[in-house]
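Protein chains: 2
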Amino acid sequence: MAKTKRKAERREDALTRERIVDAAIALLDDEGEQGLTFRALAARLATGSGAIYWHVTNKDELLAAASDVVVSRALADVRAHATPEQTIGSVALAVFDSIDAHCWAGTQLARNPPTRALLQIVERIGRQLQALRVPAAVQFTAASVLGSYIISESRQNAANGRSSEPRPDRADFLASVASEWMQLDADEFPFIRQVASQLREHDDRAEFLAGIDLILAGIASARRADDR
Amino acid sequence: MAKTKRKAERREDALTRERIVDAAIALLDDEGEQGLTFRALAARLATGSGAIYWHVTNKDELLAAASDVVVSRALADVRAHATPEQTIGSVALAVFDSIDAHCWAGTQLARNPPTRALLQIVERIGRQLQALRVPAAVQFTAASVLGSYIISESRQNAANGRSSEPRPDRADFLASVASEWMQLDADEFPFIRQVASQLREHDDRAEFLAGIDLILAGIASARRADDR
DNA sequence: ACCTGAACACCGTTCAAGT
DNA sequence: ACCTGAACACCGTTCAAGT
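Residue numbers (the working numbering), protein chains in the order written: chain W, 513 to 740; chain A, 513 to 740.
Below is the structure:
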């Protein structure tokens, strides 16, 4: 037993990539994106800043890994539903909510090359499209549109919202955006102004799902076009 | 004449916000996003780095302004077409191509609060939706989906592509992405792997427009649902 | 009012030296 | 192999001093 264990025997407080990424997530959640410094992270891990570089290539990679972990965990909890459309909606909401809870993660999802989490999202969606019998030629387009929309909207929501649970000032925020838009030139921005006037009864999460449904309707019509 | 001019009389080389933003755009195009420094910018303008702060609040605002100018110029060139759908396609392509030419501008478009350029995009699209007689309740959702998709896809294309005109290594790039995806676990990523195998005959710009059409189909179906 | 440029605070990253 | 922490290079921003 001692023999097989010897290599694996690690001190409880040994520095590992996993511990570093977890500490980074905690730091990002606590202090925001600008709170993540190698110095602060080293302090949290009770080590030197240089030690981190032994396990992680650089800050960029660390941020990507942190975002990956957060979104992957959220995706892992998504179960299949009765219809592919519902499953797609669940995947979308899982991403939306996890980025809402970790607002720094949104930026990372749009990175290039794509993070593994983004590939997971597209994979989950793609399978549902196949289950929906979307023609092969349309599958890539459909998955792209859904993926783009999910990332983009989740990101924007997180940038607006700061922390999901306690939103006392949400109404104030909407009102301030609305009043700002109403000050735009009436000739140049008639549409924006009209939208601004409806902004009060706005539910981000419901709006997000309405967008998903709109895209699904487009996919359904492409499928019908193919049947003919 | 001397009297009315006195206030407006400025030396040719006077520092103005406009000159600063233009120099920033040139610097960003030449050296990339990380090439924009107050020191480098000051050198280009033959002044001290502190002088820039008299005309611009900070780097963030400067980046936003630069992106705004670039995208606004592209939008200004878009003319109305025979159908609202075609006009929307033209707006989308104008944004896509301008970000492709200035790849640093994509990130800025997704800023919060929204840049003026994004409001212009949504405005142009919104008016076309009204021309299409999209029900009022759907207009906001439809404009959001289109806006999200345009920004997200343009950004990703720019991050991939580096400079639009000379793309000799484009095929190589696609091939390398494809082979990377083919190395993913076959059980975990069947859809991604299938998509990867079709990646060779991929035209980003055509794909982008196909996505726009898919969304427009969704909008059309929402319109029909309303008619009933 | 507007410009100059040195100085400040802070950060990612490296690396010689340790264990 | 892995950790330490001082040092390096570089940057956004400020500000006293100039015109």
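The beta carbon of each residue, even a glycine, is placed where N, CA and C say it ideally should be.
- Nearest CB-CB separation between W/A729 and chain A: below the 7 Å threshold.
- Interface with chain W (7 Å Cβ-Cβ cutoff): A/T595 is excluded.
- At least one beta carbon of chain W lies nearer than 7 Å to the beta carbon of A/F652.
- Excluding its 5 nearest sequence neighbours in each direction, W/I564 has C-beta neighbours in its own chain below 7 Å: I532, F550, L553, A554, listed in chain order.
- Taking a C-beta cut-off of 8 Å against chain W, none of the residues of the region 525-557 of chain A qualify.
- DSSP places A/R628 in the helix class (H, G or I) of the three-state scheme.
- Listed by position along chain A, the residues whose Cβ is nearer than 8 Å to that of W/Y661 are V657, S660, Y661, S664.
- Collapsing the DSSP output to three states places A/P596 in a helix.
- With fewer than 16 other Cβ atoms from the protein chains shown falling within 10 Å of its own Cβ, W/D738 counts as exposed.
- Contact of A/G723 with chain W by beta-carbon distance below 7 Å involves T653, S656, V657.
- The beta carbon of A/L527 sits closer than 7 Å to the beta carbons of L557, T559, A563, H567 from its chain, once the five residues preceding and following it are set aside; these are given in chain order.
- Linking W/I662 to A/F608 through their CA atoms gives a straight-line distance of about 19 Å.
- With respect to W/D580, W/T627 sits close: the two C-beta atoms are nearer than 7 Å.
- Contact between A/S584 and A/Q640 does not hold, since their C-beta atoms are separated by about 18 Å, which reaches or exceeds 8 Å.
- Assigned with DSSP and collapsed to three states, W/G560 falls in coil, not helix or strand.
- By the Cβ test, the region 719-734 of chain A is in contact with the region 712-729 of chain W, since at least three Cβ pairs between them sit closer than 8 Å.
- Interface annotation for the region 602-634 of chain W against chain A: A622, N624, L631, V634, criterion Cβ-Cβ distance under 7 Å.
- Annotation for W/R705: the continuous alpha helix (DSSP H) segment containing it runs 702-709.
- Against chain A, the CB of W/R712 has no partner CB under 7 Å away; the residue lies outside that interface.
- Our two residues, W/R667 and W/H614, have alpha carbons roughly 10 Å apart in a direct line.
- In the structure shown, W/D525 falls within a coil segment according to DSSP collapsed to helix, strand and coil.
- Residues of chain A with a Cβ closer than 9 Å to the Cβ of W/V707 are, in chain order, V634, G638, Q651, F652, A655.
- At least 7 Å separates the CB of W/S584 from every CB of chain A.
- Approximately 7 Å separates the beta-carbon atoms of W/A622 and A/S664; this is inside 8 Å, confirming the contact.
- Within the same chain, A655, G659 come within 7 Å of A/V634 by CB-CB distance, once the 5 residues on both sides are set aside.
- DSSP places A/R740 outside both helix and strand once states are collapsed to three, so it counts as coil.
- Listed by position along chain W, the residues whose Cβ is nearer than 9 Å to that of A/E719 are F652, T653, S656.
- In this structure, W/T653 keeps its C-beta atom at 7 Å or more from the C-beta atom of A/G638.
- Just so you know, the alpha carbons of A/A648 and A/G601 end up roughly 21 Å apart.
- Per DSSP, A/T549 lies in no alpha helix (DSSP H) segment and is marked neither H nor E.
- Between the alpha carbons of A/L574 and W/I704 lies a distance of about 24 Å.
- By the neighbour-count definition (other C-beta atoms within 10 Å, threshold 16), A/F701 is a buried residue.
- In the DSSP assignment, W/W566 falls outside any alpha helix (DSSP H) and carries neither an H nor an E.
- For W/R667, the enclosing alpha helix (DSSP H) starts and ends at 648-673.
- With a threshold of 7 Å between beta carbons, W/S579 makes no contact with chain A.
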